[in-house]
Amino acid sequence: MHQRYGNTFSNSTMSSSNNGVFLGTAREKREKLLRKAYLNQQRNEASGGWKPHTPPPQTINESFPPEFRYFRHPHNSRTHSVDSISSSITNTNATNPINDHQMPRTASQTSLNMHRASPCPSDVSFSYSNPKYFVRTSVFRPSSALATKVPLHYENVIRSSLFDDKQHLGINNDESTFRSPTPGPDFSAAHSDSITLDELIDRLTPTSTSTPEITFLYPALLCCRTYINPILLFNKIAKSIFSNLTRCSSEQRTNLLLNYLSMLIHWTKTFSYDFRTLALMNQLECITSQIVKIDPGFGTNVKLLLSDIMSKLNILDRYEQYLQLIDNEIATRLTTSALTTDIYEQCPCPKEFAHQLTHIELDRLKAIGAEEFIHMRSSDSSSASDSRSTKSSSTTLNAWTYCLEAYVNWSNRLSSFVTTEIIKHLKRHIRVKLLNYFIDAALECFNTGNFNSMMGILGGLNMLPVKRLKKTWSKANRAKLDTLEKYMNPSKNFCIYRSIVKAAMQRAEKHNWQPGMVIIPFLSIFLRDVYFIKVRSPDLIMTNDEHEELNLKKFYILARFISEEFIRCKSSKCSFARYESIINYVVTSPVFSEDSLMAASFECEPPETEHDREQLRSLRAKLGF
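Under the UniProt record's numbering, the residues of the sequence shown are numbered 1 to 625, in order.
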């Protein structure tokens, strides 16, 4: 049995490589590794025993938030792999401090994989960052040339102040952090099936004796944006209000302003994104200042209204900034340093991984507003021009649907993340272990009620680069996977899935959404249902006198569906502990394109058919290796 070697046996001495890519055969690599290990063993025996190399201590930057300090090893500033960490510690029995943000593990797994046994079954213990155990790094070459940098840590990118405010970023499991929950009344009590646009505006305009019913106000404000820009709607209502003020008595004027403020409060709380448009925000400030001039007694109400909307907009800005910083970190990590660890190293427990996915889902779910589903695929040219004047931290996402598109991108990223984590390993037994790991995680997501993450994992397992690995799948446990796929059978319009979600909703409502009651619907099915309602129901109805009117019944149906099937899920409260190290790895670990994954899949298991061999030749020519 060969003795474990230390850090002196580096990757550069393990293989003849070009930019970290081994150029010899697997047998040559194996022989060279064994020969080097044997020479090290003889040298250590001659010197009286092997001693690990201890690098000189380095100063740790203490300006990072405490939840990220354990990312750094006390003797090395980079993120360590399994064996490089274990070989850099002289006393492996020494206890390591564990802070509150670390995942509880066994004594052999304390800290961040500090004492985990090598995953390699060979007598020689190889470093997990050894290119021998990953596909060639040239396969995962980023599409755009990035400057070669020292591997960055997540805490170097995310500012401390952002994490100081993380309770405002949806992490506190309170749906009111981003937006007020959808009103509870039933929206099915439509007085008529159609209404003209002028009649709609009149019904939305408060009077001195009445204010719009919430059962009408919510669907009208939600759906009328398809026909009239929110800025124009706000302007017309304000013009009508101030026109009526000139004909009111003092008491009537007070009641009218009170009802108007009540309507504005509902608008700003429920559809906060409308006021991200600078023009609409300026109008709101102008209107509220005029109200205070007319009746100074409303000064306190106006201050609360403006303070609330500014607070919500600032929270949304910080959330978008958080997503942008994550995107920047992903770009900087698209280097060979991405192939130094995997999810099993960061989180050995698949159930814990599923729980952290639930935190990620809720962070993004609770930022989505109902109006984003209306703007989805229906933004007209005027909306597009307004969105250009809207403050946004991203130039690639529509400002009107930023949070929704970010959630869609996350769902797609999760599938690619699962595929990347499996495909980047050359060792079959590691791929089998990760297959079983993700299957167990998907099952835990199902049991938790996180159906979106479950489908994201299943999507990654069913991507062609993973699905074609027949030898790998032959060793995996498919029983649980077959059960999950039966639950998500698309036959009869996903009737099994829909019945499961309906039962979960009823159970959550019965228990008043207590902590631990989590329902995260499969986003793709929900978006398809919304699009079906929008397309199949006519926008305009022809009346008996051959005049076109707005389909008011469609407003109620769409508002009720979005409220009951999605927005109500924002009441979910996650009772699992949150571990930033796992979340940071999942959201910032680079995922690779389909071509790169397919090329890596052929390195894991060679092509068997002529079609596969032709595809491999095409990929080599396309990727340039």
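Heads up, the beta-carbon is just placed ideally off N, CA and C, and yes, glycines get one too. All figures in this text were calculated on a predicted structure; none of them were measured in a lab.
- For N551, the residue or residues it bridges with in DSSP: Translated into positions along the sequence shown, residue 551 becomes position 551. N551 pairs with S194.
- Message: Threshold first: 4 residues or longer. Then list the alpha helix (DSSP H) segments lying entirely within the segment 535 to 586, N to C.
- Response: 552 to 565
- State the Cα-Cα distance for the pair residue 627 and S208, rounded to the nearest angstrom. The question about residue 627 has no answer here: the residues shown for the chain are numbered 1 through 625.
- Note down the Cα distance separating E565 from F526, rounded to an integer number of angstroms. Translated into the one-based positions of the sequence shown, residue 565 becomes position 565. Translated into the one-based positions of the sequence shown, residue 526 becomes position 526. Their Cα atoms are separated by approximately 8 Å.
- Task: State yes or no: is the C-beta of L550 within less than 8 Å of the C-beta of I195?
- Result: On the sequence shown, residue 550 is found 550 positions in, with the first residue counted as 1. On the sequence shown, residue 195 is found 195 positions in, with the first residue counted as 1. Taking C-beta atoms as the reference points, L550 and I195 count as a pair closer than 8 Å.
- Query: Is DSSP giving N409 helix, strand or coil here?
  - Reply: The residue you call residue 409 lines up with position 409 of the sequence shown. Helix at N409.
- Sequence-distant residues of its chain with Cβ nearer than 6 Å to K475 (five each side left out): Numbered from its first residue, the sequence shown carries residue 475 at position 475. Same-chain partners within the cutoff: V432.
- Query: Between the Cα of E329 and the Cα atoms of P465, L232, N584, which residue gives the shortest distance?
  - Reply: On the sequence shown, residue 329 is found 329 positions in, with the first residue counted as 1. With distances taken between CA atoms, E329 lies nearest to N584 out of P465, L232, N584.
- Query: By the 10 Å Cβ neighbour count, where 16 or more other Cβ atoms means buried, how is C604 classified, buried or exposed?
  - Reply: Numbered from 1 along the sequence shown, position 604 holds the residue referred to as residue 604. C604 should be labelled buried.
- Message: I need the DSSP call for H425, collapsed to helix, strand or coil.
- Response: Stepping through the sequence shown from its first residue, residue 425 is reached at position 425. Here H425 sits in strand by DSSP.
- Message: Tell me which residues share the same chain as T396 and place their Cβ nearer than 6 Å to its Cβ, disregarding the 5 neighbours each side in the sequence.
- Response: For the purposes of this step, residue 396 is taken as the residue at position 396 of the sequence shown. Interpretation of T396 is limited by its pLDDT of 43, a score under 50 that renders its predicted location unreliable; no figure is taken from the coordinates.
- Message: Could you tell me the alpha carbon to alpha carbon distance between L619 and V418, rounded to whole angstroms?
- Response: Looking up residue 619 in the sequence shown gives position 619. Looking up residue 418 in the sequence shown gives position 418. Those two C-alpha atoms are separated by around 21 Å.
- Message: Strictly by DSSP, which residues pair up with N450?
- Response: Sequence index remark: in the sequence shown, residue 450 carries index 450 (1-based). Bridge partners of N450: I520.
- Item | E213 to G369 span [Cα, whole Å] | Locating residue 213 in the sequence shown gives position 213, counting from the first residue. Locating residue 369 in the sequence shown gives position 369, counting from the first residue. The alpha-carbon atoms of E213 and G369 are separated by roughly 21 Å.
- Item | Sequence-distant residues of the same chain with beta carbon closer than 7 Å to A504, five excluded per side | What you label residue 504 is simply residue 504 of the sequence shown in a count that begins at 1. Taken in chain order, the residues that qualify are G449, I519.
- Message: Across the segment 344 to 356 and the segment 434 to 451, are there enough close Cβ pairs to call them in contact, namely three or more that are closer than 8 Å?
- Response: Between the segment 344 to 356 and the segment 434 to 451 there are three or more C-beta pairs closer than 8 Å, enough to call the two in contact.
- Task: Compute the Euclidean distance between the alpha carbons of L616 and T332, then round it to the nearest angstrom.
- Result: Translated into positions along the sequence shown, residue 616 becomes position 616. Translated into positions along the sequence shown, residue 332 becomes position 332. So the two alpha carbons sit approximately 28 Å from each other.
- Item | Burial state of I343 (16 or more Cβ within 10 Å) | What you label residue 343 is simply residue 343 of the sequence shown in a count that begins at 1. The residue is buried, with at least 16 neighbouring Cβ atoms inside 10 Å.
- Task: Please report how far the alpha carbon of T300 lies from the alpha carbon of S289, in whole angstroms.
- Result: Translated into the one-based positions of the sequence shown, residue 300 becomes position 300. Translated into the one-based positions of the sequence shown, residue 289 becomes position 289. If you take the alpha carbons of T300 and S289, they lie about 12 Å apart.
- Task: Tell me whether residue 642 is buried or exposed, calling it buried when 16 or more other Cβ atoms sit within 10 Å of its Cβ.
- Result: Any question about residue 642 goes unanswered here, given that the chain covers just 1 to 625.
- Query: Using the beta-carbon count (16 or more within 10 Å), is C495 buried or exposed?
  - Reply: Here residue 495 corresponds to residue number 495 of the sequence shown, with the count starting at 1. Of the other Cβ atoms in all chains shown, fewer than 16 fall within 10 Å of the Cβ of C495; this residue is therefore exposed.
- What do you reckon, are the CB atoms on I291 and L316 nearer than 8 Å? To locate residue 291, count along the sequence shown from 1; it is residue 291. To locate residue 316, count along the sequence shown from 1; it is residue 316. For I291 and L316, no; Cβs fall outside 8 Å.
- May I ask you to report which of helix, strand or coil DSSP gives Q615? Walking along the sequence shown from the start, residue 615 turns up at place 615. Three-state DSSP puts Q615 in a helix.
- Query: Leaving out the 5 sequence neighbours to the left and right, which residues in its chain are closer than 7 Å to K471 when beta-carbon positions are compared?
  - Reply: For the purposes of this step, residue 471 is taken as residue 471 along the sequence shown, with counting starting at 1. Taken in chain order, the residues that qualify are R428, E605.
- Query: Thinking C-beta only, is Q346 closer than 8 Å to S537?
  - Reply: Position 537 of the sequence shown holds residue 537. Position 346 of the sequence shown holds residue 346. Cβ atoms of S537 and Q346: not closer than 8 Å.
- Query: Quick one: is K424 buried, meaning 16 or more other Cβ sit within 10 Å of its Cβ, or exposed?
  - Reply: Working through the sequence shown from its first residue, we reach residue 424 at position 424. Answer is buried; the Cβ neighbour count reaches 16.
- Message: On the DSSP letters alone, give me the boundaries of the alpha helix (DSSP H) that K471 sits inside.
- Response: Within the sequence shown, the letter at position 471 stands for residue 471. Note, K471: alpha helix (DSSP H), 470 to 473.
- Item | Residue closest to L257, alpha-carbon to alpha-carbon, out of T609, N244, R498 | As a working mapping, residue 257 is identified with position 257 in the sequence shown. The candidate whose alpha carbon is nearest that of L257 is N244.
- Message: Here's a check: name, in chain order, each residue in its chain whose Cβ is nearer than 8 Å to the Cβ of D539, leaving out the five neighbours to either side.
- Response: To locate residue 539, count along the sequence shown from 1; it is residue 539. Once the five neighbours on either side are set aside, the close Cβ partners of D539 are T226, Y227, L550, N551, K554.
- Task: Go ahead and pull the three-state DSSP assignment for R528.
- Result: As a first step, residue 528 is located in the sequence shown; it is residue number 528 there, counting from the start. Helix at R528.
- Hey, would you say M463 sits closer than 8 Å to S415, going by beta carbons? Here residue 463 refers to the residue found at position 463 of the sequence shown. Here residue 415 refers to the residue found at position 415 of the sequence shown. In contact: M463 and S415 (Cβ atoms closer than 8 Å).
- Candidates V466, S499, K502, N436: closest to D477 by CA position: For the purposes of this step, residue 477 is taken as the residue at position 477 of the sequence shown. Checking the displayed sequence, the identity of residue 477 turns out to be Asn instead of Asp. Considering only alpha carbons, the answer is N436.
- Message: Can you tell me where the alpha helix (DSSP H) holding C604 begins and where it ends?
- Response: If you number the sequence shown from 1, residue 604 lands on position 604. Looking at the DSSP string, the run of the alpha helix (DSSP H) that includes C604 is 594 to 604.
- Length-filtered (4 minimum) alpha helix (DSSP H) runs lying within the UniProt domain "N-terminal Ras-GEF" (188 to 314): 197 to 204, 214 to 223, 230 to 245, 250 to 270, 278 to 294
- Message: Under DSSP, the alpha helix (DSSP H) around D363 begins and ends at which residues?
- Response: As a first step, residue 363 is located in the sequence shown; it is residue number 363 there, counting from the start. That run of the alpha helix (DSSP H) goes 350 to 365.
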